[in-house]
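Below: the structure, in C-alpha cells.
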Amino acid sequence: MTDQCFTCGRDLDPVNMTGICQRCEDENIAEDRRISRILSRPPRKPARAERLIVSEILTWLNSLPGCIAVKRHGGVTSMGLADIEGCITVNIDIGTTRITVGAHFELEVKRPGQQATVLQEAMLSRWTRAGAVTAVVHSLDGVKELPIFGKLSER
C-alpha cells in the first residue's frame with residue numbers, strides 16, 4: 010500500500026486504506042452528484058435545424074406560380090451571401106397598363122434566436138440597394154409575412 014494519494018500525490022493518513030485522500034474523495038463525490046443531476050434532467054427539445062427551415066421555405070416558394078428559389082450552398086467563395094436566392098413574377102399596375110416584372114429576393118435563414126453575421130447583414134444591404142427584396146427569416150411564417158410574398162400565399 011502506498012502512503013501517497015493516487016489522484017493528487019498528497020501524503021495519506023496511515024489509517025487510510027483506499028489510496029485516495031479525503032479531499033480527492035470529497036471532489037469525486039461532488040462530481041458524481043453533479044453528473045447524476047445532469048443525467049436526471051429531462052432532455053431539452055432540440056432547436057430546429059436551419060437546413061430543415063430552409064427546405065420548408067424552398068418547397069413553399071417553388072410551389073408558387075412564377076417563382077423559382079434555390080439554396081445557395083456555403084463555402085469560402087459564398088461567405089456572407091444569403092441562404093436562399095430567387096426571383097418571383099410580380100404584376101405592377103400603372104394606370105390601365107399592367108407590367109409583369111421579376112423581383113429578385115435574397116433570404117438569410119437563421120434558427121429562432123439567432124442573428125445574421127455582420128458580413129451577411131452587409132451583403133443583404135448591398136442587395137437591397139441594388140433593388141432586391143432581402144430579409145433575415147426564422148421560419149416559413151416569417152417569409153409569408155414579407156410584403157412581396159404576403160398576397161402570393163393566398164393564390
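Here the numbering used here is used: the first residue of the sequence shown is 10, the next is one more, and so on.
Using N, Cα and C, we set each Cβ at its ideal position, and we do this for glycine too.
Model, not experiment: these values are computed from the prediction.
By the Cβ criterion, the segment 120 to 140 is not in contact with the segment 95 to 110, since fewer than three pairs of Cβ atoms, one from each stretch, lie closer than 8 Å. Judged by beta-carbon spacing, residue 131 lies beyond the 9 Å limit of residue 113, meaning their Cβ atoms are not closer than that value.
Comparing alpha carbon positions, the residue from 41, 84, 69 closest to residue 97 is 69. Note: residue 100 is bridge-paired with 109 in the DSSP secondary-structure output. Beta bridge pairing from DSSP links residue 80 with 93.
Between the alpha carbons of residue 83 and residue 94 lies a gap of roughly 13 Å. Looking at the DSSP output, residue 20 shares a beta bridge with 13. Only residues of its own chain outside the window of five on either side were considered, and among them 87, 90, 91, 92, 93, 94 have a CB closer than 8 Å to the CB of residue 81, listed in chain order.
Residue 59 and residue 118 do touch by the CB rule: their CB atoms are close to 6 Å apart, below 8 Å.
For residue 121, the closest alpha carbon among the candidates 136, 14, 57 is that of 57.
Residue 144 sits close to residue 116, with the two beta carbons spaced by under 9 Å. DSSP lists no beta-bridge partner residue for residue 149. Per DSSP, the continuous alpha helix (DSSP H) segment holding residue 65 begins and ends at 59 to 72. Here residue 146 is buried. Its C-beta has 16 or more other C-beta atoms within 10 Å.
For residue 158, the closest C-alpha among the options 77, 134, 105, 41 is that of 77.
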